[in-house]
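A.B. asks: This is the structure I have questions about; it appears just below.
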Amino acid sequence: MDRKKLQSIRPYTAHLNAWIASNYQDDLQLLHGEALGHIQAWAKDKTLSIDDYRFLVASQKRDQEKLEQALAASETKNQDLLATQQRSQRQTYLLMIGLVIFSLIVGGVLGMAIATTL
C-alpha cells in the first residue's frame, strides 16, 4: 500500500503526524486503552511504514507502563488498607484485654468488699 493511500485511510494519522513532528517525544499523541486495541486490530493485516510500527509499539509500551503504574498504586493502597485493618484489630484486641483485666479487678474489689461485710 503506498504511503499517500495509507495516510488517507489510517485512522490515527493526526496523532502519528503530531508525534513525529515532536521528534517522537509527545507521549500525549500515543494511543492507549480501547483505542489502541482497535488500531492494533485494524493494523493486523496491513503493511505499515516504520513510523507506523514505531508509533504502535511506543503506544503499546506506554499503555503497558500506565497499567503497571495503576497496578502498583492499587497494590500500595491495598497494603495501606491491610495495615490499617491490622492496627484496628490489634487495638480491638488490646481493648478486650483491658476490659477483661478491668472486670477482674472490679470483681476482686467487689468480692473483697462483700467478704469484709460478712
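Each residue of the sequence shown is one higher than the one before, counting from 2 in our numbering.
Glycine included, each C-beta is placed from N, C-alpha and C at the ideal position.
#1: For Ser50, report the span of its alpha helix (DSSP H) as first-last.
#2: Give the straight-line distance between the Cα atoms of His33 and Arg88, rounded to the nearest whole angstrom.
#3: Would you say Arg11 and Leu31 are within 7 Å of each other, going by their C-beta atoms?
#4: Taking three-plus beta-carbon pairs below 8 Å as touching, is the segment 45-59 in contact with the segment 74-81?
#5: Please classify Tyr13 as buried or exposed, where buried requires at least 16 other C-beta atoms within 10 Å of its C-beta.
#6: Hey, how far is the Cα of Thr85 from the Cα of Tyr94?
#7: Distance check for Tyr54 and Leu68, CA to CA, integer angstroms please.
#8: Using the beta-carbon count (16 or more within 10 Å), is Ile40 buried or exposed?
C.D. replies: Quick answer:
#1: Per DSSP, Ser50 belongs to no alpha helix (DSSP H) and is neither H nor E.
#2: 39 Å
#3: no
#4: Taking a contact to require three or more Cβ pairs closer than 8 Å, the segment 45-59 and the segment 74-81 do not qualify as touching.
#5: buried
#6: 14 Å
#7: 21 Å
#8: buried
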